[in-house]
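Colleague: Numbered according to full-length UniProt numbering, the sequence shown terminates at residue 422, and the numbering increases by one at each position without gaps. Quick reminder that beta carbons are idealized off the backbone N, C-alpha and C, glycines included.
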Amino acid sequence: MASFAIHQDEENNVPKFCKAKEALRNVQKRAVLGTININHESTNFNSQGDLVLKKDAVDASAVSSKASCCPPAENKPCKSLTVEEKKTEISNKLTKEVVGRGLENTRNGRTPLKEIKENERTSLKHQSPMSVDASPKVSASVSLSRNIYAISVDPLYVCPPYNLDIYNYLKTLETQFKAKAYYMKRQPDVTYAMRTILVDWLVEVGEEYRLHNETLFMAVSLIDRFLSSMAVVRTKLQLLGTSAMFIAAKYEEIYPPEASEFTYITDDTYTKKQLLRMEHLVLKVLSFDLSSPTAYTFISHISAVYRIPEKVTFLAMYIAELSLLEGDPYLEYAPSALACASLILANHCLEQTDIWPQAIAKSTGYSLRTLGQLIAHLSDTHAKSFTAQQQASRDKYSRDKYHYSSQVPAKRLVIRDQSGTS
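Here you go:
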């Protein structure tokens, strides 16, 4: 059973209050400016830094006698100044102080500040480091017509002492995080046609929100890796693609779209809560292993290291993006092999003299003979892209930004081995 305890406060404590009142009456009152030693116990400062009063007490009579010995001041007329005269007097004093300080600094070896003239002020205004248009280095080296890829990708991959190490590291990662080939046969409710429609829609989503190509390739890789391990019903396939694009955007983009924007682009078919729950499920199934290199990663690396022309690079990226729509048989090959085969086919379509230089073949480890079958598959995919029902990638690469890569006519390339068979 609970118990209550009532405590008396100081106001209700009557005996103690009366005793304190009588003690205060016995204390002798201190005169004004008199001696402070009477109540010395109440003002006992023992800590360091406390004030110590050393002067003698001042008597009121001494104050009055000191005041009487001072002669009265003569009655002189007060000088009245106007506001303008007061301002002039203050400015003169300030000028003298500034000049005096300047002379003193000059004697000490310091020069006074230089006054900036009006014409110099205008010239400094145009030479501000925060002005983008007036930067001589930017205006001289970067033109508006130059592509963003050539500016941003080269410094990321061009590092001669580590080029081979970077490539070998990427090849190691691609074997660790790779989707299973022909996983669609084990999916009870999803077909190849549904996957093709989903990837084509993701291309449009990337263009709508101006996402990078790395985001699209990574999203498709996450979808294939997830479907290799989990069965998904067709009503949740678009939710899986949206969440994969959401994860890839947060991984690759500087300013990724918010979750509400991805739910909006699905015409509010799914809620934000469903999107976040699917994101959690995808990351849990993949064990948060997201650093899987794609064909786009290898194309960017090889093109930057060996200074491949931009037109060839963009056509290779277009061919590699077309392979995303089909899935199989391309999931059977490594992303590095798919990138090399796309570059070979792009060189062939653009009628380059050497479609696969010996230096690139030696460093990548892929020869024309080993990539013959993959190049044949890519040639068929490139030829069918002109009449395919899904045209999102074709419309994307038909602009000047990508050098009109989708308008380059397809040319079949057949690689024959030494026995003469293709």
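1) Compute the Euclidean distance between the alpha carbons of residue 362 and residue 368, then round it to the nearest angstrom.
2) Examine the Cβ distances between the region 400 to 415 and the region 312 to 326 and report whether three or more of them are shorter than 8 angstroms.
3) If you drop the 5 nearest sequence neighbours on each side, which residues of the same chain put their C-beta closer than 7 angstroms to that of residue 203?
4) Taking DSSP as the reference, what is the three-state secondary structure of residue 232?
5) With a CB to CB cut of under 7 angstroms and the five nearest residues on each side skipped, what residues in its chain are close to residue 199?
6) How is residue 237 classed by DSSP in three states: helix, strand or coil?
7) I'd like the list of long-range same chain contacts for residue 291, defined as Cβ closer than 8 angstroms, with 5 residues on each side in sequence excluded.
8) Are residue 205 and residue 242 touching if we call contact CB-CB under 9 angstroms?
9) Does DSSP put residue 159 in a helix, in a strand, or in coil?
10) Have a look at 338, 261, 311, 340 and flag the residue whose alpha-carbon is nearest the alpha-carbon of residue 408.
11) Assess, as a yes-or-no matter, whether the region 221 to 231 is touched by the region 244 to 251 under the definition of 3 or more beta carbon pairs within less than 8 angstroms.
12) Could you check whether the Cβ of residue 193 sits closer than 9 angstroms to any Cβ belonging to chain D?
13) What do you get for residue 210, buried or exposed, if any count of 16 or more other CB atoms within 10 angstroms of its CB means buried?
14) Roughly how many whole angstroms lie between the Cα atoms of residue 267 and residue 300?
15) With respect to the alpha helix (DSSP H) encompassing residue 312, which residues constitute its N-terminal and C-terminal limits?
16) For residue 272, which residues from the same chain have a beta carbon less than 7 angstroms from its beta carbon, with the 5 sequence-adjacent residues on both sides left out?
17) Tell whether a beta-carbon distance below 9 angstroms holds between residue 331 and residue 192.
Modeller: Quick answer:
1) 11 angstroms
2) Segments in contact, yes.
3) The answer, listed in chain order, is 216, 392, 393, 396.
4) coil
5) Counting only Cβ-Cβ distances below 7 angstroms, and skipping sequence neighbours, we find 220, 324, 325.
6) helix
7) Take residue 291, set aside five residues on each side of it, and the residues of its chain with a beta-carbon closer than 8 angstroms to its own are 173, 177, in chain order.
8) yes
9) coil
10) Closest by alpha carbon: 311.
11) yes
12) Protein chain content of the structure displayed is limited to a single chain, and chain D is not contained in it.
13) exposed
14) Here the alpha carbon of residue 267 sits roughly 34 angstroms from the alpha carbon of residue 300.
15) Unbroken alpha helix (DSSP H) run through residue 312: 310 to 326.
16) 259, 260, 263
17) no
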